[in-house]
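**Student:** Dumping the structure here so I can ask a few things about it.
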Amino acid sequence: MSEKIAIGPFNPELEESVYFKLKADENRIVTDVEIINGFIHRGMEGLVTKKNFMQNLILTERVCSLCSNNHPFTYAMAVEKISGIKIPLRAEALRVVADEVKRVASDMFNLAMLTHLAHTHDLMKETMNIREHMQDLKEVIWGNRMDMSVNILTGTKYDLDEGKIEIILEKLKIVESQVRALQEKYENSEAFKEKTIGVGVLPKEDALSIGVTGPVARGSGINNDVRVIAPYSLYAIRPEIRPNVTLRTEGDVYARAMVRFGDILEAIRIIKDVVADLPEGPTYLEKRPHIPAGEAVVRTEAPRGELIYYLKTDGSQKPERMRWKVPTFTNWEALKVMILGDKVDNVTMILNSIDPCISCTER
Amino acid sequence: MNIEEFNNAIKNNIVSQYTLHDDVDSYGNPNSWIKLTNKNDIEAIAKSVSAYKGRCVVMSVYRNEDGSHMLIYHFDIDGMLINVEVPLASDDKNFISITPILPSANWAEREAREMYNLEPVGHPCKDRLFLDPSMPKGEMAEYISLSKAQVGLSDTDILWNKVNEGIK
Chain A
1 MSEKIAIGPF NPELEESVYF KLKADENRIV TDVEIINGFI HRGMEGLVTK
51 KNFMQNLILT ERVCSLCSNN HPFTYAMAVE KISGIKIPLR AEALRVVADE
101 VKRVASDMFN LAMLTHLAHT HDLMKETMNI REHMQDLKEV IWGNRMDMSV
151 NILTGTKYDL DEGKIEIILE KLKIVESQVR ALQEKYENSE AFKEKTIGVG
201 VLPKEDALSI GVTGPVARGS GINNDVRVIA PYSLYAIRPE IRPNVTLRTE
251 GDVYARAMVR FGDILEAIRI IKDVVADLPE GPTYLEKRPH IPAGEAVVRT
301 EAPRGELIYY LKTDGSQKPE RMRWKVPTFT NWEALKVMIL GDKVDNVTMI
351 LNSIDPCISC TER
Chain B
1 MNIEEFNNAI KNNIVSQYTL HDDVDSYGNP NSWIKLTNKN DIEAIAKSVS
51 AYKGRCVVMS VYRNEDGSHM LIYHFDIDGM LINVEVPLAS DDKNFISITP
101 ILPSANWAER EAREMYNLEP VGHPCKDRLF LDPSMPKGEM AEYISLSKAQ
151 VGLSDTDILW NKVNEGIK
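For the protein sequence lines, the chains are A and B, in the order given. Take the first sequence: its position 23, counting from 1, is numbered 23 in full-length UniProt numbering, and each next residue is one higher. Take the second sequence: its position 8, counting from 1, is numbered 8 in full-length UniProt numbering, and each next residue is one higher.
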């Protein structure tokens, strides 16, 4: 005897709008998975060709909230490549600081959701409380808790002075010690481990074949962190700030959570290193860029993995074609491997473990 | 792994002429471009990417003024980005799916089907990806934007031609 189970698209157990059709056997083991998307598709790739290059800085920041900084960052890199522009070193550093701050906040949000779904609510509350320091930091430095408006074409629109650097370092001191203590609690929580260890396994061979990136790849033993394999911005200029990535081989929900802890601690280290030796100079080029006909492919490491932008221009004020691939786009297919053969009760946990971003996927 | 090694791996398996442009990005990372003249040669390239344990990062598509399409597959092998241009003729809506060789191309090829009404022949999945089945395929070319219809185009036939296309 088998049963059919529908989850989503709008379900209290599900954080995002996606629809799962599952088939399960009498032991409530999933025997078939179907994923249906398309509930919030916004046609943004069409829309960006109707906006000029400046307007698209604002639009790309609104593709997604949690990795909102990565989109304009990567988009700006693509425009700058076509224009043949080298932005000031200080701007490269400032872009990296903002991006790593977002990474900490994003990864912590995913961990909080994971502990919520594991019904370990003390851990969830503590994770969110620590994350709140990063939200405060964003508000103080950039004036907003999500969209930071850091990037402009040819540099950054924000700068750091000694006072702001002191605020950043003070916050990071608190967050770092709290994150280390929190990680120990996760590692020692029997309730959390019971719900995550051996759950939603993605073997390395499948991870390679599907082409997953980010913490999902690293949880299955694959390091394709763009900051390491194809370093950009300050990661290319100063090799010492590149992350020492956390790799796990288990490929389960627990491994992916621990990889995110590694990412968070490395992000904190990177921010501290960069602000301790912030290059002098301007934060942007005064001259507006001339954007000739051309094409560029650039990529960055967002909190969920590789973000790639393809930009084609024709010499006008608008992109002829702009295309981007977000990490979740390829990570979705991995869910089928993770969910198949696992318990129905684990499905939402497994879904959360890829840190799915539907607003990114359904541009 | 470098682009010369990859070129040696593909050159005997590619039937038609192609060009290879070895490039680096602004930060010195290899970012090469291969331009195919025969769309079917993408299969040989996909096999080589697979042999090197590479992946299809994504595929970009754009429509040329004459109605033909260009597919650009973006592959990654150990951090080296290889962009492969696959031209389709204006009356050609089919291309060989490489998803059976590189499953990482799965969603990208399905999205080309939905957005540009191109058919990845041999793709293992026929399901829609994003758009409701009631919406026609080829969404990116289907409608005329309000801005295009309103701004500076009132003395052209662009809107009328678009409507006529629909009537045909």
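Every residue gets a Cβ at the ideal spot worked out from N, C-alpha and C, and that includes glycine. Small disclaimer: the values here were computed from a predicted structure and weren't measured.
Consult DSSP for N83/B and reduce its assignment to one of helix, strand or coil.
**Tutor:** By one-based count along the second sequence, residue 83/B stands at place 83. Three-state DSSP puts N83/B in a strand.
**Student:** Tell me, please, which residues DSSP counts as bridged to G155/A.
**Tutor:** The residue given as residue 155/A occupies position 155 in the first sequence. Looking at the DSSP assignment, G155/A forms a beta bridge with I152/A and Y284/A.
**Student:** Using a Cβ-Cβ distance under 8 Å, would V86/B count as near chain A?
**Tutor:** The residue labelled residue 86/B in the question sits at position 86 within the second sequence. Not closer than 8 Å to any Cβ of chain A, the Cβ of V86/B fails to qualify, so no.
**Student:** Closest to I82/A by CA distance: which of L311/A, E333/A, K325/A and K336/A is it?
**Tutor:** Numbered from 1 along the first sequence, position 82 holds the residue referred to as residue 82/A. Answer by Cα proximity: L311/A.
**Student:** Note down, in chain order, every chain B residue with its Cβ under 7 Å from the Cβ of H290/A.
**Tutor:** Taking the first residue of the first sequence as 1, we reach residue 290/A at position 290. Ordered by position in chain B, no residue passes the 7 Å Cβ test against H290/A, which lies about 16 Å from the chain.
**Student:** Tell me the DSSP secondary structure of V33/A in three-state form.
**Tutor:** Counted from its first residue, the first sequence places residue 33/A at position 33. Strand, per DSSP.
**Student:** In angstroms, rounded to a whole number, what distance separates the CA positions of I98/B and A46/B?
**Tutor:** Within the second sequence, numbered from 1, the residue matching residue 98/B stands at position 98. Within the second sequence, numbered from 1, the residue matching residue 46/B stands at position 46. Whole-angstrom Cα-Cα distance: 6 Å.
**Student:** Within the same chain, show all residues whose beta-carbon is closer than 7 Å to that of V259/A, passing over the 5 residues directly before and after it, in chain order.
**Tutor:** As a first step, residue 259/A is located in the first sequence; it is residue number 259 there, counting from the start. Closer than 7 Å at the Cβ level, and outside the excluded window around V259/A, lie P215, R218, G219, T246 and R248.
**Student:** Note the first and the last residue of the continuous alpha helix (DSSP H) segment covering L123/A.
**Tutor:** Position 123 of the first sequence, counted from the start, is the residue given in the question as residue 123/A. Residues H121 to W142.
**Student:** So what does DSSP say about C67/A, is it helix, strand or coil?
**Tutor:** Working through the first sequence from its first residue, we reach residue 67/A at position 67. Residue state, collapsed to three classes: coil.
**Student:** Closer than 8 Å, CB to CB, is R113/B near chain A or not?
**Tutor:** Indexing the second sequence from 1 puts residue 113/B at position 113. With 8 Å as the cut-off, R113/B does not count as an interface residue toward chain A.
**Student:** With DSSP run on the structure shown, which of helix, strand or coil describes N46/A?
**Tutor:** Position 46 of the first sequence, counted from the first residue, corresponds to residue 46/A. As written in the sequence, residue 46/A is Gly, which differs from the Asn given in the question. Residue state, collapsed to three classes: helix.
**Student:** Do you know whose CA, among A255/A, G211/A and P303/A, lies nearest S65/A's CA?
**Tutor:** Looking up residue 65/A in the first sequence gives position 65. Of A255/A, G211/A and P303/A, the residue nearest in Cα terms is P303/A.
**Student:** What separation, rounded to the nearest whole angstrom, lies between the Cα atoms of N151/A and I58/A?
**Tutor:** What you label residue 151/A is simply residue 151 of the first sequence in a count that begins at 1. What you label residue 58/A is simply residue 58 of the first sequence in a count that begins at 1. Distance between the alpha carbons of N151/A and I58/A is about 9 Å.
**Student:** Taking Cβ-Cβ distances below 7 Å as the criterion, which residues of the segment 35–47 of chain A are in contact with chain B?
**Tutor:** Those would be N37, G38, H41 and G46, in chain order.
**Student:** State yes or no: is the C-beta of T196/A within less than 8 Å of the C-beta of M44/A?
**Tutor:** Residue mapping note: residue 196/A aligns to position 196 of the first sequence, counting from 1. Residue mapping note: residue 44/A aligns to position 44 of the first sequence, counting from 1. Not in contact: T196/A and M44/A (Cβ atoms no closer than 8 Å).
**Student:** If you draw a straight line from the C-alpha of D91/B to the C-alpha of H41/A, how long is it?
**Tutor:** As a first step, residue 91/B is located in the second sequence; it is residue number 91 there, counting from the start. As a first step, residue 41/A is located in the first sequence; it is residue number 41 there, counting from the start. Rounded to the nearest angstrom, the two C-alpha atoms are 29 Å apart.
**Student:** Of the choices V199/A, A267/A and L114/A, whose alpha-carbon is the least far from that of L169/A?
**Tutor:** For the purposes of this step, residue 169/A is taken as the residue at position 169 of the first sequence. Out of V199/A, A267/A and L114/A, A267/A has the C-alpha closest to the C-alpha of L169/A.
**Student:** So, with DSSP's three-state summary, where would you put E301/A?
**Tutor:** Residue mapping note: residue 301/A aligns to position 301 of the first sequence, counting from 1. Three-state DSSP puts E301/A in a strand.
**Student:** So, with DSSP's three-state summary, where would you put E240/A?
**Tutor:** Here residue 240/A is taken as the residue at index 240 of the first sequence, counted from 1. Helix, per DSSP.
**Student:** How is G341/A classed by DSSP in three states: helix, strand or coil?
**Tutor:** Walking along the first sequence from the start, residue 341/A turns up at place 341. If DSSP states are grouped into helix, strand and coil, G341/A belongs with coil.
**Student:** Can you tell me whether E162/A is helix, strand or coil according to DSSP?
**Tutor:** Translated into positions along the first sequence, residue 162/A becomes position 162. In the structure shown, E162/A sits in a helix (DSSP, three-state: H, G or I).
**Student:** Can you give, in chain order, each stretch of the alpha helix (DSSP H) that sits fully within the segment 32–120 of chain B and has at least 4 residues?
**Tutor:** Fully enclosed alpha helix (DSSP H) runs of 4 or longer: 42–51 and 106–116.
**Student:** Are the C-beta of G67/B and some C-beta of chain A separated by less than 8 Å?
**Tutor:** Here residue 67/B is taken as the residue at index 67 of the second sequence, counted from 1. No, because no Cβ of chain A sits closer than 8 Å to the Cβ of G67/B.
**Student:** Using a Cβ cut-off of 7 Å, pull out every chain B residue sitting near S83/A, in sequence order please.
**Tutor:** One-based indexing of the first sequence puts residue 83/A at position 83. Result: empty, since nearest Cβ-Cβ is about 10 Å, beyond 7 Å.
**Student:** A24/A lies in the beta strand (DSSP E); which residues open and close that run?
**Tutor:** Taking the first sequence and counting its residues from 1, one reaches residue 24/A at position 24. Note, A24/A: beta strand (DSSP E), Y19 to A24.
**Student:** Got a sec, what are the start and stop residues for the beta strand (DSSP E) L20/B sits in?
**Tutor:** Taking the first residue of the second sequence as position 1, residue 20/B is located at position 20. Here the beta strand (DSSP E) through L20/B covers Y18 to H21.
**Student:** Can you find at least 3 beta carbon pairs, one from the segment 78–93 of chain A and one from the segment 154–167 of chain A, that sit closer than 8 Å?
**Tutor:** Verdict: yes, contact present.
**Student:** So, at 7 Å on beta carbons, what are the nonlocal neighbours of H290/A in its own chain, with the 5 sequence-adjacent residues on each side left out?
**Tutor:** Indexing the first sequence from 1 puts residue 290/A at position 290. S83, listed in sequence order.
**Student:** Assign A149/B to buried or exposed, taking buried as 16 or more other Cβ atoms, counted over all protein chains shown, within 10 Å of its Cβ.
**Tutor:** Position 149 of the second sequence, counted from the first residue, corresponds to residue 149/B. Annotation note: pLDDT 49 at A149/B (below 50); position unreliable, coordinate value reported separately. Per the 10 Å Cβ criterion, exposed.
**Student:** Cβ closer than 8 Å: which chain B residues qualify as neighbours of I308/A?
**Tutor:** Against the first sequence, residue 308/A aligns to sequence position 308. Neighbours of I308/A on chain B, chain order: V57, V58 and H74.
**Student:** Quick one: what's got a C-beta closer than 7 Å to R131/A's C-beta in the same chain, skipping five residues either side?
**Tutor:** Your numbering for residue 131/A matches position 131 in the first sequence. Once the five neighbours on either side are set aside, the close Cβ partners of R131/A are A105, M108, F109 and A112.
**Student:** Taking the beta strand (DSSP E) that E320/A falls in, what are its first and last residues?
**Tutor:** The sequence position of residue 320/A within the first sequence is 320, counting from 1. Looking at the DSSP string, the run of the beta strand (DSSP E) that includes E320/A is P319 to K325.
**Student:** Quick check on I144/B: does DSSP put it in helix, strand or coil?
**Tutor:** As a position in the second sequence, residue 144/B is number 144, starting the count at 1. The predicted model places I144/B with a pLDDT of 49, which falls under 50 and marks its position as unreliable, so this point remains unresolved.
**Student:** Can you give, in chain order, each stretch of the alpha helix (DSSP H) that sits fully within the segment 162–197 of chain A and has at least 4 residues?
**Tutor:** With a minimum length of 4 residues, the continuous alpha helix (DSSP H) runs that stay inside the segment 162–197 of chain A are 162–188 and 190–196.
**Student:** Among the residues of its own chain, which have a CB less than 6 Å from the CB of D78/B, if the five just before and after it don't count?
**Tutor:** Taking the first residue of the second sequence as 1, we reach residue 78/B at position 78. So the list reads M1, once near-sequence residues are dropped.
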